[in-house]
Amino acid sequence: MRKKIGVSAALTSPFDDRGAIDWPRFAAHAKHLLAQGMRVVTAFGTTGEGISISASARAPLYERMAAAGIGAGSLVECVYGPSSQDAGDHARRSLDAGCGGILLTPPFYFKQPTEEGVYRWFSEVLERVGPAGRDVILYNIPGLTGVRIGPKLVARLRSAFPQAIAGVKDSSGDWDQTTALLAGHRDLAILVGHEGHLARAVRQGASGAISGVANFAPALVAKLVRGEDDPVIDALLGMLLELPVVPAVKAVLAARTGDAAWLRVRAPLEAIGEASGLEACRRMAAMVSAEAADQTTMST
């Protein structure tokens with residue numbers, strides 16, 4: 015998994031005017047990003063609004079991508095519960111389809127569960143998956159789930175399921191948490207969700223990122239994954255985090271591509287509608303375009 019994921023875009027999900035997944039746009043976007051050098055892209059994570067999309071609506075993922083020439087091995091899929099049975103069944107189906115990996119979200123309804131309770135939940139998921147369990151990335155995003163996946167829990171899970179646990183995506187935004195995971199589990203794929211910490215984390219042993227920003231700035235995120243700092247990322251994040259992040263990522267992508275269909279989001283999110291927000295997203299798109307032009311000039 016360390017070799018498989020350097021940069022993976024946390025794919026934003028396009029919707030048609032009825033709110034259904036726009037599969038042609040989805041496949042074209044994935045194909046474009048894979049052509050930029052990504053080995054895998056990640057479907058239905060936080061940036062992809064996966065929690066707002068039913069399991070039945072997501073089910074055609076591998077068939078639709080195959081029809082567009084994208085193999086299942088190029089896809090990591092985010093899996094949610096909150097029941098361990100549903101999460102285990104979903105993970106098993108995706109692994110049987112040949113996916114490149116599973117981004118496994120912890121249970122997220124009951125708040126402040128004990129570490130023992132969370133361990134039992136993950137164990138139930140992986141026991142339900144059975145011998146097919148592989149390439150599982152634990153998703154640490156406590157700001158949304160209310161569950162912290164720390165080094166001790168990771169150690170217990172990888173001891174119990176050594177064939178399954180391949181990495182951790184740390185989207186805590188907590189540098190101390192990231193360094194603790196690196197200190198205890200550097201041999202796993204430690205993937206950093208906070209792009210502002212990414213280059214520093216890579217220099218200390220992190221293997222890459224599953225990144226929402228990579229939807230519209232894949233070359234910039236790739237630079238960070240090489241361990242190179244770039245002041246543009248700090249400016250971008252400063253603007254992005256002033257807005258609702260998922261709708262803003264879509265608005266920047268819409269500005270970069272000229273395709274307003276990317277603005278659509280699913281409830282409970284709302285599209286960026288205020289003029290000031292849209293202008294900020296256009297400025298971010300212009301910053302990324304300027305950065306890309308500078309890199310092209312430097313390489314010629």
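Position one of the sequence shown corresponds to residue 15 (our numbering), numbered consecutively onward. No residue lacks a Cβ here, since even glycine has one placed at the ideal position from N, Cα and C.
(message) Rounding to the nearest angstrom, what Cα-Cα distance links Lys18 and Gly115 in this structure?
(response) In the sequence shown, residue 18 corresponds to position 4, counting from 1. In the sequence shown, residue 115 corresponds to position 101, counting from 1. Using only the alpha carbons, I get a separation of about 9 Å.
(request) Hey, could you find the ends of the beta strand (DSSP E) Ala203 is sitting in? (result) Translated into the one-based positions of the sequence shown, residue 203 becomes position 189. It spans 203 to 206 - the beta strand (DSSP E) in which Ala203 sits, taken as one unbroken run.
(request) Taking Val90 as the reference, give the member of Lys166, Ser68, Thr119 with the closest Cα. (result) Along the sequence shown, read from residue 1 onward, the residue named residue 90 stands at position 76. Selected option, being the one with the closest Cα: Thr119.
(request) Look up Thr56 in the DSSP assignment and give the residues it is bridged to. (result) Mapped onto the sequence shown, residue 56 falls at position 42. Thr56 has Ala24, Val90 as its beta-bridge partners, per DSSP.
(message) Assuming contact is defined by CB atoms lying nearer than 9 Å, are Arg16 and Asp201 in contact in what I supplied?
(response) As a working note, residue 16 is residue 2 in the sequence shown. As a working note, residue 201 is residue 187 in the sequence shown. Against a cut-off of 9 Å, the Cβ pair of Asp201 and Arg16 comes out as a contact.
(request) Could you pull the start and end residues of the beta strand (DSSP E) that Asp184 belongs to? (result) The sequence position of residue 184 within the sequence shown is 170, counting from 1. Its beta strand (DSSP E) spans residues 179 to 184.
(request) Consult DSSP for Ser97 and reduce its assignment to one of helix, strand or coil. (result) The residue you call residue 97 lines up with position 83 of the sequence shown. In the displayed model, Ser97 falls within coil according to three-state DSSP, outside both helix and strand.
(message) For Lys183, count the other beta carbons within 10 Å of its own beta carbon; 16 or more makes it buried, fewer makes it exposed. Which is it?
(response) For this step, residue 183 is matched to residue 169 along the sequence shown. By the 10 Å Cβ count, Lys183 comes out buried.
(message) Could you compute how far the alpha carbon of Trp37 sits from the alpha carbon of Ala203?
(response) Residue 37 sits at position 23 when you count from the first residue of the sequence shown. Residue 203 sits at position 189 when you count from the first residue of the sequence shown. Approximately 29 Å, taken between the alpha carbons.
(message) Can you look up Ile247 in the DSSP assignment and give me helix, strand or coil?
(response) Counting from one through the sequence shown, the residue named residue 247 turns up at place 233. Helix at Ile247.
(request) Give the single residue among Gly219, His211, Ala178, Glu288 whose Cα lies nearest to the Cα of Gly198. (result) The sequence position of residue 198 within the sequence shown is 184, counting from 1. When each option's Cα is compared against that of Gly198, the closest is Gly219.
(message) Going by DSSP in three states, Val279 sits in which element: helix, strand or coil?
(response) For this step, residue 279 is matched to residue 265 along the sequence shown. Correct three-state label for Val279: coil.
(request) Look at the Cβ atom of Ser70, then the Cβ atom of Arg280, and state whether they are nearer than 9 Å. (result) In the sequence shown, counting from the first residue as 1, residue 70 sits at position 56. In the sequence shown, counting from the first residue as 1, residue 280 sits at position 266. Cβ atoms of Ser70 and Arg280: not closer than 9 Å.
(message) With H, G and I counted as helix, E and B as strand and the rest as coil, what does DSSP make of Tyr153?
(response) If you number the sequence shown from 1, residue 153 lands on position 139. Reduced to three states, the DSSP call for Tyr153 is strand.
(request) Have a look at Cys113 and Val259 and give me their C-alpha separation to the nearest angstrom. (result) Stepping through the sequence shown from its first residue, residue 113 is reached at position 99. Stepping through the sequence shown from its first residue, residue 259 is reached at position 245. Using only the alpha carbons, I get a separation of about 27 Å.
(request) Give the range of the alpha helix (DSSP H) segment to which Leu195 is assigned. (result) Numbered from 1 along the sequence shown, position 181 holds the residue referred to as residue 195. Segment 189 to 199, the alpha helix (DSSP H) holding Leu195.
(request) Pull up the DSSP beta-bridge partners for Leu118, would you. (result) For the purposes of this step, residue 118 is identified with residue 104 of the sequence shown, where counting begins at 1. Leu118 is bridged to Val93, Leu152.
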